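Participant: Numbering (my numbering), first residue to last: 48 to 609.
All C-beta atoms in this analysis are idealised placements derived from N, C-alpha and C, irrespective of residue type, glycine included.
Everything numeric in this text was worked out from a predicted model, so none of it was measured.
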């Protein structure tokens, strides 16, 4: 099977694995079982990362991956068969709780390719006894590309950053994105100021070109440092990639970007697409940040000020922890961002102060705003998961409730007393954005989603009763199958005069009519022979079906599978 070629990921934080995967990624069949041959082929396409290989209800790891993961996770290392005469090390984690193990591996600097089964094992069996279930890597989990709530801090950004340089420009291009929220920004920074900017952003992962890392040696500020080929930072390719992604003919509407800035943004986009295996989150248009807009604070001063974390690296005890009274994760993230990047433009500072002064005076409005915000979910992170195909019914509910909260906030501002009008520019601008929130979508989701929602869509039951007449009929068939079958059995028993007639079910025949042998002959004669179709004769019973029973059985099976 084919896998998209991936670069050899190098990262400084992960420990070296002691045992290597065999160099032959696709060994002859005589040297590996079909399953192991498939594993080695997929693993060969994703070097330098751990491979979570889905086998039923477990993700299994083999060879050096198993040795490294078992040590990092403190789980049992076993073995599975042999390859080239040597035992194959193996360990595994349950699918239902794999995110907890992923979190521990990511925190230790590993990257993990998640390989899923892409077909039902029953379909593979139809191709023959030695056929292997089709599998493919669906995502590469890295510190800078997390989207799951269980792997993220709800009240902090998780930035993926990239640094690029060009030969003719002195300044570096620094781009960053939060894959979990869609934020995307870029700036230019001097080589001497790079450390301060990285300390401000505190990215989870930093992308740099191999040659650049050797020349400049940037301090990743605690981030996992990922080295990529210099070609991925090419500004010409980056410009084409940005235009294609945002479907524009020119980038002028976003800003005037330097070649280094383009290179950093292009590498970032390329890496996100690579780790998400072709899918892209809903990224905002790139926002160019001028270095003069915010106060420059060097890394040492920032650490000593303990703006967002203490010298020990904890949030508790920092200035952020002391003043944070936000009621949403998004609000906490925005407060942290503002504290980390104090404004320098007097006009921008005064706009912000005008909004604060207005809110201080509007006590009743402020109370209503907090009440509305308490019901606001993290809509940005929900949208990111949905755009990547990893969202579930609860993420759709987050969109619904987030839109409802936006409209509630606008109503709260609209209810401000005349003495507090007009609204300050900063607040009026935000209200204009929220007022455009998609009301029809909110209403559609409100009537479509059930009250109790499962975590994942395949568990079913997330569409409300009455939202789809067709689905309601299907559910009725599924839930009332026994009642319908019992009714049909009573009908057949009465019309044939055979009180012992039963409708039964097995995995071979499905639903069938069963009568004692002494009554079976009756169903093979007119007037019943045109309706009752003989299926099987047993020592103590005869089995039949009817077009009506076959149709009902088909509808029940279809309903159960939807």
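Along the chain, where does the alpha helix (DSSP H) containing residue 412 start, and where does it finish?
Facilitator: 410 to 421
Participant: Rounded to whole angstroms, what is the Cα-Cα separation between residue 575 and residue 549?
Facilitator: 16 Å
Participant: If we call anything under 9 Å between Cβ atoms a contact, is residue 486 one with residue 447?
Facilitator: no
Participant: Which one or two residues does DSSP pair with residue 162 in a beta bridge?
Facilitator: 100 and 184
Participant: Looking only at its own chain, which residues have a Cβ that is under 7 Å from the Cβ of residue 185, when we skip the five neighbours before and after it?
Facilitator: 161, 163 and 324
Participant: Mapping the DSSP letters down to three states, classify residue 134 as helix, strand or coil.
Facilitator: Three-state result, residue 134: strand.
Participant: Just verifying my parser: in three-state terms, what is the DSSP assignment at residue 583?
Facilitator: Three-state DSSP puts residue 583 in a strand.
Participant: Closest to residue 143 by CA distance: which of 311, 84 and 106 is it?
Facilitator: Closest by C-alpha distance to residue 143, out of 311, 84 and 106, is 106.
Participant: For a test of the three-state rule: what should DSSP assign to residue 353, helix, strand or coil?
Facilitator: coil
Participant: Kindly examine the ligand ADP and report whether one of its heavy atoms sits closer than 8 Å to the Cβ of residue 581.
Facilitator: Questions concerning the ligand ADP fall outside what the structure shown contains, since it holds no ligand whatsoever.
Participant: Can you name, in chain order, every residue of its own chain whose Cβ lies under 6 Å from the Cβ of residue 117, other than the five neighbours on each side?
Facilitator: 124 and 138
Participant: Taking only the alpha-carbon atoms, compute the straight-line gap between residue 321 and residue 187 and give it to the nearest angstrom.
Facilitator: 8 Å
Participant: For a quick check, are the C-beta atoms of residue 584 and residue 539 less than 9 Å apart?
Facilitator: no
Participant: Hey, out of 156, 213 and 104, whose CA is closest to residue 95's CA?
Facilitator: 156
Participant: Over the uninterrupted beta strand (DSSP E) stretch that includes residue 344, give me the two end residues.
Facilitator: Following the DSSP letters along the chain, one finds residue 344 in no beta strand (DSSP E), marked with neither H nor E.
Participant: Using only the alpha-carbon positions, how far apart do residue 434 and residue 329 sit?
Facilitator: 6 Å
Participant: Around the C-beta of residue 601, are 16 or more other C-beta atoms found within 10 angstroms, so that it is buried, or is it exposed?
Facilitator: exposed
Participant: With a cut-off of 8 Å, do at least 3 Cβ pairs link the segment 371 to 389 to the segment 213 to 220?
Facilitator: no
Participant: Are three or more beta carbon pairs between the segment 391 to 403 and the segment 441 to 458 nearer than 8 Å?
Facilitator: Per the Cβ contact rule, the segment 391 to 403 is not in contact with the segment 441 to 458 (fewer than 3 Cβ pairs under 8 Å).
Participant: Any idea if residue 480 is buried or exposed, counting beta-carbon neighbours within 10 angstroms, 16 or more meaning buried?
Facilitator: Only exposed fits residue 480, as fewer than 16 other CB atoms lie within 10 angstroms of its CB.
Participant: Go ahead and label residue 694 buried or exposed: buried means 16 or more other beta carbons lie within 10 angstroms of its beta carbon, across all protein chains shown.
Facilitator: It is not possible to answer for residue 694, since the shown part of the chain is limited to 48 through 609.
Participant: Excluding five sequence neighbours on each side, which residues of the same chain lie with their C-beta closer than 7 Å to the C-beta of residue 380?
Facilitator: 202, 203 and 204
Participant: Just to confirm, is the Cβ distance from residue 439 to residue 502 under 9 Å?
Facilitator: Between residue 439 and residue 502, the C-beta spacing is below 9 Å.
Participant: Taking three-plus beta-carbon pairs below 8 Å as touching, is the segment 341 to 361 in contact with the segment 449 to 462?
Facilitator: no
Participant: In this structure, how does DSSP classify residue 206 when only helix, strand and coil are distinguished?
Facilitator: coil
Participant: What three-state label does DSSP hand residue 384 in the structure shown?
Facilitator: helix
Participant: Which one of 309, 297, 89 and 492 has the shortest CA to CA distance from residue 278?
Facilitator: 309
Participant: Taking the continuous beta strand (DSSP E) assigned at residue 233, which residues delimit it?
Facilitator: Element bounds for residue 233: 230 to 236.
Participant: Does the beta-carbon distance from residue 257 to residue 227 come in below 9 Å?
Facilitator: no
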